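What follows is a set of notes on a single structure, which appears directly below.
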């Protein structure tokens, strides 16, 4: 059967199977010509066990070769024709034999009663199919009971599941160790402790119902505390350690000297614990606040004294202790 008599979808499937690039918008004739030219350029015929649909094509090619050889006899053409014809016949016989053996094996293991019913149906319809042909039985006879659950692709293997859990646990543990085994990570933990004790503990309340976070103090008080803590615990130590940096040549990527940062923070913590706010100034501010005659400077001084008092009451020596621990860690690591 000529390739031009095939359907376009069959030609496209064959071209895809041959790894031949053709455009789907091309006409059926162009696709057939491209496939025909590709097959003729091959050094030898394709294996018909893999391309059984080309059996008729090669037979027609062999027949046309016979016609051409009769008009112009040539020994090389005859040899090629005979080899091509024999290969086509051998491949066709191999395909037919493999299909026949497979169907025969399936039929031999099927139920005899079902075969009797099929034979009766064949006799009634006037069509009796021969034994051992591909048309004898087309329904599946797969026996899944022969496949054990442990060998299936969807089998649940508990030992592999436990091994995956163990590997994931070890990997997660290593990632946590790597993340916490750095000076910035330890500093973050220390700062989180200070922020919780100084800002969150008595001024924010958490609940499982909306609103999840509730302010127990005025926003002015929380703003004053956050500003005071940011300046004395973060900004000033970072500023000093940026300009007094003893490791800028050894570690140029580190712009802040961690040892100087913790030493500065420890000294500032001692200073704040010894700094006593003036209660006289606070009483004066209270009187002026009632009278409505308070300047911006006096208001800023009031909130500074409030934040300093909270620092002494809530934190105490905690910033100094954490700064000393950070300095010891820098001596150990650096």
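Numbering (our numbering), first residue to last: 22 to 355. Quick reminder that beta carbons are idealized off the backbone N, C-alpha and C, glycines included. Predicted, not measured: the structure shown is a model, and the values here were computed from it.
Quiz item: What did DSSP end up calling residue 226 once you bin it into helix, strand or coil?
Solution: Along the chain shown, one-based indexing puts residue 226 at 205. Three-state DSSP puts residue 226 in a strand.
Exercise. Could you say which of 204, 262 and 222 lies nearest to residue 332 if we only look at CA atoms?
Key: For the purposes of this step, residue 332 is identified with residue 311 of the chain shown, where counting begins at 1. Comparing Cα positions, the closest option is 222.
Exercise. Measure the C-alpha to C-alpha separation of residue 44 and residue 78 and round it to an integer number of angstroms.
Key: Residue numbering aside, residue 44 sits at position 23 when the chain shown is read from its first letter. Residue numbering aside, residue 78 sits at position 57 when the chain shown is read from its first letter. Each residue's Cα considered, the two are about 22 Å apart.
Quiz item: Roughly how many angstroms lie between the CA atoms of residue 336 and residue 303, to the nearest whole one?
Solution: The residue you call residue 336 lines up with position 315 of the chain shown. The residue you call residue 303 lines up with position 282 of the chain shown. Whole-angstrom Cα-Cα distance: 22 Å.
Exercise. Using beta-carbon positions only, say whether residue 348 and residue 287 come within less than 9 Å of one another.
Key: By one-based count along the chain shown, residue 348 stands at place 327. By one-based count along the chain shown, residue 287 stands at place 266. Yes.
Quiz prompt | Any 3 or more C-beta pairs closer than 8 Å across the region 245–256 and the region 214–221 | solution = yes
Quiz item: In whole angstroms, what is the alpha-carbon distance linking residue 307 and residue 320?
Solution: Taking the chain shown and counting its residues from 1, the one referred to as residue 307 is at position 286. Taking the chain shown and counting its residues from 1, the one referred to as residue 320 is at position 299. Each residue's Cα considered, the two are about 10 Å apart.
Practice problem: Give the range of the beta strand (DSSP E) segment to which residue 236 is assigned. | Solution: The residue you call residue 236 lines up with position 215 of the chain shown. Note, residue 236: beta strand (DSSP E), 234–236.
Quiz item: So, is the C-beta of residue 216 closer than 9 Å to a C-beta in chain C?
Solution: Protein chains in the displayed structure number just one, and chain C is not present.
Quiz prompt | When 65, 26 and 352 are compared against residue 54, the one with the closest alpha-carbon | solution = Taking the first residue of the chain shown as position 1, residue 54 is located at position 33. Of 65, 26 and 352, the residue nearest in Cα terms is 26.
Self-check item: Cβ-based burial, residue 42 [other Cβ within 10 Å; buried from 16]
Solution: If you number the chain shown from 1, residue 42 lands on position 21. When all chains shown are included, residue 42 counts as exposed.
Quiz item: Do the region 262–280 and the region 310–317 touch if we need at least three Cβ pairs shorter than 8 Å?
Solution: no
Quiz item: How many angstroms separate the CA atom of residue 292 from the CA atom of residue 191?
Solution: Stepping through the chain shown from its first residue, residue 292 is reached at position 271. Stepping through the chain shown from its first residue, residue 191 is reached at position 170. Distance between the alpha carbons of residue 292 and residue 191 is about 45 Å.
Quiz prompt | Collapsed DSSP secondary structure at residue 60 in the structure displayed | solution = Against the chain shown, residue 60 aligns to sequence position 39. Correct three-state label for residue 60: helix.
Exercise. Sort 241, 242 and 225 by Cα distance to residue 234 and report the nearest one.
Key: The residue given as residue 234 occupies position 213 in the chain shown. The shortest Cα separation from residue 234 among 241, 242 and 225 belongs to 225.
Self-check item: Helix, strand or coil at residue 347 according to DSSP, with G and I counted as helix
Solution: Here residue 347 is taken as the residue at index 326 of the chain shown, counted from 1. Looking at residue 347 - three-state DSSP - the assignment turns out to be helix.
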